[in-house]
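Novice: The structure is given below, and queries will be raised subsequently.
Number of protein chains: 2
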Amino acid sequence: MTQRTDIRRRLEEHGIQASAQRLAIAEYVLATDQHPAADTVLEVVAARLPVVSRATVYNTLHLFVEKGLLRELVLSEGRVVYDPKVEPHHHFVDETSGAIVDVPWEALRVEGVPELPGLDVSEFQVVLRGRRRARRRDG
Amino acid sequence: MTQRTDIRRRLEEHGIQASAQRLAIAEYVLATDQHPAADTVLEVVAARLPVVSRATVYNTLHLFVEKGLLRELVLSEGRVVYDPKVEPHHHFVDETSGAIVDVPWEALRVEGVPELPGLDVSEFQVVLRGRRRARRRDG
DNA sequence: ATCGTTCTTAGACTAAGTCCAATCTTCGGT
DNA sequence: ACCGAAGATTGGACTTAGTCTAAGAACGAT
Ligand SMILES: [Mn+2]
Ligand SMILES: [Mn+2]
Ligand SMILES: [Zn+2]
Ligand SMILES: [Zn+2]
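Residue numbers (this note's numbering), protein chains in the order written: chain H, 1484 to 1622; chain L, 1484 to 1622.
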């Protein structure tokens, strides 16, 4: 498996020195399509790696954010969540389950941002809330 | 001053029994144009009212949210914030100061929300981040 | 192999928020 | 005005997410 080697290279390209812990964390958090919180990362990683501490998980997640591999999202109370999809997109929060669903950037058009007086906008996103509709069975 | 009477009536119209603490909290949090956190509310209210507890501040803020007098916003880590402006609008977060600025609903146009497949959107807002531009002196 | 740099760790600590049982207020009925 | 039940408030213990620290382990260049 070149899997591990790929991740290692990816970290090094971003100026991050590899370590067993960082590789294990990266392997999960950079590949997931969910939006896990730090404690979820800890659980998942601790299940595969003999020993990894909470401090290291937080250190690593912050490092990955700083190096542009991850984005930090705050969409609901008490839940800071990490997103490996760093390109701009929107988020839908399911009010029932708390699940966070990505909404592609092209799915919505937002007009008027450059015209806002007095505000220098560096980034924005639409945050939507509601219920996920019952998945229509197709086929 | 009919001020206090007005607030009292407003609470009662929303099915909230008045009390010294609730009136004091309402007087501040329903009138501010800021987006205060619970601990700010506690500080401000404690300065005027002889005694008010943290538990009561949290109870009251939650009650006001439940009764539709206030909205709870989570825009940055560790800061749950209350907004007396309950009609839909957008928010800009100043990355330098942390200040939250209201952006009128009409200032932005968002298209495509009803067309999102599989999502029943009950509400949405645009969340913007950046720097507040130096206030241009006009006149 | 050595040594300075970097990384990880356990556990103490902080801050935001919740919970609870005891006490105090409010308010409608008399 | 008085009473009692329902409702509100309280201090303080508790929980949870996250930070900090000082000591040790791993790394990697020489
Ligand atoms: Mn963080
Ligand atoms: Mn809350
Ligand atoms: Zn995402
Ligand atoms: Zn607002």
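Ideal Cβ positions, reconstructed from N, Cα and C, are used throughout, including at glycine.
Which residues, taken in chain order from the stretch 1604-1620 of chain L, show a beta carbon closer than 8 Å to some beta carbon of chain H?
Specialist: Taking 8 Å as the Cβ-Cβ cut-off against chain H, the residues of the stretch 1604-1620 of chain L that qualify are Val1604, Ser1605, Glu1606, Phe1607, Gln1608, Val1609, Val1610, Leu1611, Arg1612, Gly1613, Arg1614, Arg1615, Arg1616, Arg1618 and Arg1619.
Novice: Sorted by chain position, which residues of the same chain lie with C-beta nearer than 7 Å to arginine 1537 (chain L)'s C-beta, five sequence neighbours on each side aside?
Specialist: Leu1525
Novice: Thinking C-beta only, is serine 1605 (chain L) closer than 7 Å to arginine 1531 (chain H)?
Specialist: no
Novice: Between the Cα of histidine 1573 (chain L) and the Cα atoms of L:Arg1562, L:Ser1580, L:Val1557 and L:Thr1579, which residue gives the shortest distance?
Specialist: When each option's Cα is compared against that of histidine 1573 (chain L), the closest is L:Val1557.
Novice: Can you grab the Cα-Cα spacing for the pair histidine 1510 (chain L) / lysine 1550 (chain H), in whole Å?
Specialist: For the record, residue 1510 (chain L) in the displayed sequence is glutamate; it is not histidine. Answer to the nearest angstrom: the Cα atoms are 45 Å apart.
Novice: Should leucine 1556 (chain H) be flagged as near chain L, meaning a C-beta pair shorter than 7 Å?
Specialist: no
Novice: Please confirm if leucine 1591 (chain L) has its CB atom under 7 Å from at least one CB of chain H.
Specialist: yes
Novice: Would you report the Cα separation of tyrosine 1541 (chain L) and asparagine 1542 (chain H), rounded to the nearest angstrom?
Specialist: Cα to Cα, tyrosine 1541 (chain L) sits roughly 32 Å from asparagine 1542 (chain H).
Novice: Please decide whether leucine 1553 (chain H) counts as near chain L, where near means a Cβ-Cβ distance under 7 Å.
Specialist: no
Novice: From the DSSP secondary-structure annotation, give me the bridge partner or partners of glutamine 1608 (chain L).
Specialist: H:Val1610
Novice: How would you list, in chain order, the residues of chain L whose beta-carbon sits under 9 Å from the beta-carbon of leucine 1602 (chain H)?
Specialist: Phe1575, Asp1577, Val1584, Val1586, Leu1611, Gly1613, Arg1614, Arg1615 and Arg1616
Novice: Would you call the CB atoms of arginine 1615 (chain L) and aspartate 1577 (chain L) closer than 7 Å?
Specialist: yes
Novice: Can you grab the Cα-Cα spacing for the pair valine 1569 (chain H) / leucine 1513 (chain H), in whole Å?
Specialist: Near 10 Å, if we compare the C-alpha coordinates of leucine 1513 (chain H) and valine 1569 (chain H).
Novice: Just the chain L side, please: which residues come within less than 9 Å of glutamate 1594 (chain H) by C-beta, in chain order?
Specialist: Per Cβ cutoff of 9 Å: Leu1591, Arg1592, Val1593 and Glu1594.
Novice: Considering arginine 1562 (chain H), what are the terminal residues of the beta strand (DSSP E) in which it resides?
Specialist: Counted as a single uninterrupted DSSP element, the beta strand (DSSP E) harbouring arginine 1562 (chain H) occupies residues 1562-1566.
Novice: Looking at aspartate 1628 (chain L) and ligand 4, is the gap between the Cβ and the nearest heavy atom below 6 Å?
Specialist: This structure gives no information on residue 1628 (chain L), because the portion of chain L shown stretches from 1484 to 1622.
Novice: Specify the secondary structure class of histidine 1545 (chain H) as computed by DSSP and reduced to three states.
Specialist: helix
Novice: Between arginine 1529 (chain H) and valine 1563 (chain H), which are expected to be in contact by the criterion C-beta below 8 Å, what is the C-beta distance as a whole number of angstroms?
Specialist: Before going further, note that residue 1529 (chain H) is alanine rather than arginine in the sequence given. That pair is no contact at about 19 Å.
Novice: Let me know the secondary structure DSSP gives arginine 1592 (chain L) once reduced to three states.
Specialist: strand
Novice: Check whether the Cβ of aspartate 1585 (chain L) sits closer than 6 Å to any heavy atom of ligand 4, and report yes or no.
Specialist: yes
Novice: Residue range of the alpha helix (DSSP H) that isoleucine 1508 (chain H) falls in?
Specialist: 1503-1512
Novice: Valine 1569 (chain H) touches chain L at which residues, Cβ-Cβ below 7 Å?
Specialist: Neighbours of valine 1569 (chain H) on chain L: none; closest Cβ ~15 Å, over 7 Å.
Novice: Could you tell me whether the Cβ of glutamate 1549 (chain H) comes closer than 7 Å to any Cβ of chain L?
Specialist: no
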